[in-house]
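Participant: Okay, here's the structure, questions in a sec.
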Amino acid sequence: MTFIFSYNLVIGHLHTLHRGRHCGGGSSAPAPAPPPRGHHKNWEWPSECWHITVDIGGLGDFVSVQAAVDAVPENNMVNVIIHIRPGIYIEKVVVPATKPYITFQGSGREMTMIEWHDRACDPGADGQQLHTYRTASVTVFASHFSARNISFKNTAPAPMPGMEGWQAAAFRISGDKAYFLGCGFYGHQDTLCDDAGRHYFKDCYIEGSIDFIFGNGRSMYKDCEIHSIAKRFGSIAAQDRTSPDEKTGFSFVNCRVTGTGPVYVGRAMGQYSRIVYSYTYFDDLVAHGGWDDWDHTSGKNM
């Protein structure tokens, strides 16, 4: 068993953000800590910066996160750090593909939270069911997104056994080259949609019960706590690699898997699903066999 990828393939340089200066020069606002340094030139961020402040009490530039995102110009080519002050922001947020280089900077995982409550069976604006991928409280399609010290939550109730359409994502990342530091992801079924692209999660907390990390991203989870709240039976990761040629998969390194079970540590959402756990601690919650083939006939690669 080998690692899917190295740090250099997952993350590049982030910089302190300050309008009109090289990032890192002269801003009094807290800046994102840089990820592990590498030499992957395609991951370099631009040096020009803007700051935006969101304050739910009206003491910032905007009172909602979506309003701050909307203020970023289309085809943005500068770093934009959105400082989100303490509070629970009850809204659904979308960062479109035309707005890269955005950072959500919270005040602490337990102090700043964005939450919504959609389920897959709920109707959308078009009257059709949302289905899983459109339930996310926060969705990011843009590349070069980062978040620090903030939580994302879906407050939909836990599904009862046998109930369908209760998938409820807290966060969906569909953009390439994303970085998360000290973030929280809270939900029940399908909490974190690690949909597509290269992503790095460091010192994060991810909570759920069924397939609560899922998708076809190429992602590393380092020093994270993966917390199961399954009441009867659950599963942690469902990876959707559908071809042996795809360079995707989930790698969990030096993580802690805690909570209740029994749970499968992985399920083969795709025919060639790939999940790696390395130097990871598990509470006594792993289901017999550890892995669910999800009716696929391919061999295990866990």
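For the sequence shown, full-length UniProt numbering gives the first residue as 1, with consecutive numbering after it. Ideal placement from N, C-alpha and C gives every residue a C-beta, glycine not left out. Because the structure is a prediction, the values reported are computed rather than measured.
Rank Arg134, Lys99, Trp116 by C-alpha distance to the C-alpha of Tyr89 and give the top, closest one.
Facilitator: Trp116
Participant: Where do the ends of the alpha helix (DSSP H) carrying Val65 lie?
Facilitator: 65–71
Participant: Tell me the residue span of the beta strand (DSSP E) that contains residue 390.
Facilitator: A query on residue 390 cannot be resolved here, the shown segment of the chain reaching from 1 to 302 and no further.
Participant: Smallest Cα separation from Ala196: which of Gln239, Ile150, Asp203?
Facilitator: Gln239
Participant: What does DSSP give as the partner residue(s) for Gly215 in the beta ladder?
Facilitator: Gln239
Participant: So is Tyr281 buried or exposed if we call it buried at 16+ other beta carbons inside 10 Å?
Facilitator: exposed
Participant: Which residues does DSSP pair with Asn79 in a beta bridge?
Facilitator: DSSP lists Cys49 as the beta-bridge partner residues of Asn79.
Participant: Rounded to the nearest angstrom, what separates Ser137 and Ala168 at their Cα positions?
Facilitator: 9 Å
Participant: Would you list the one or two residues that DSSP bridges to Pro100?
Facilitator: Per DSSP, none; premise fails for Pro100.
Participant: Suppose the cutoff is 6 Å on Cβ atoms and the five residues either side in sequence are ignored; what does the same chain contact list for Gly270 look like?
Facilitator: Asp240, Arg241, Thr242
Participant: Glu164 to Val253, Cα distance in whole Å?
Facilitator: 32 Å
Participant: Assuming Lys202 is part of the beta strand (DSSP E), what are its boundary residues?
Facilitator: From DSSP, the beta strand (DSSP E) with Lys202 extends over 198–202.
Participant: Using alpha carbons as the reference points, say which of Ala230, Gln189, Asp223 lies closest to Ile213.
Facilitator: Ranked by Cα distance from Ile213, the options Ala230, Gln189, Asp223 are led by Gln189.
Participant: Measuring alpha carbon to alpha carbon, tell me which of Asp122, Ile114, Ala268 ends up nearest Gln66.
Facilitator: Ile114
Participant: Could you give the distance in angstroms between the alpha-carbon of Gly60 and the alpha-carbon of Arg85?
Facilitator: 9 Å
Participant: Which residue wins for smallest C-alpha separation from Ile275, given the options Gly261, Arg218, Cys224, Cys193?
Facilitator: Arg218
Participant: What residue range is occupied by the uninterrupted beta strand (DSSP E) comprising Asn154?
Facilitator: 151–154
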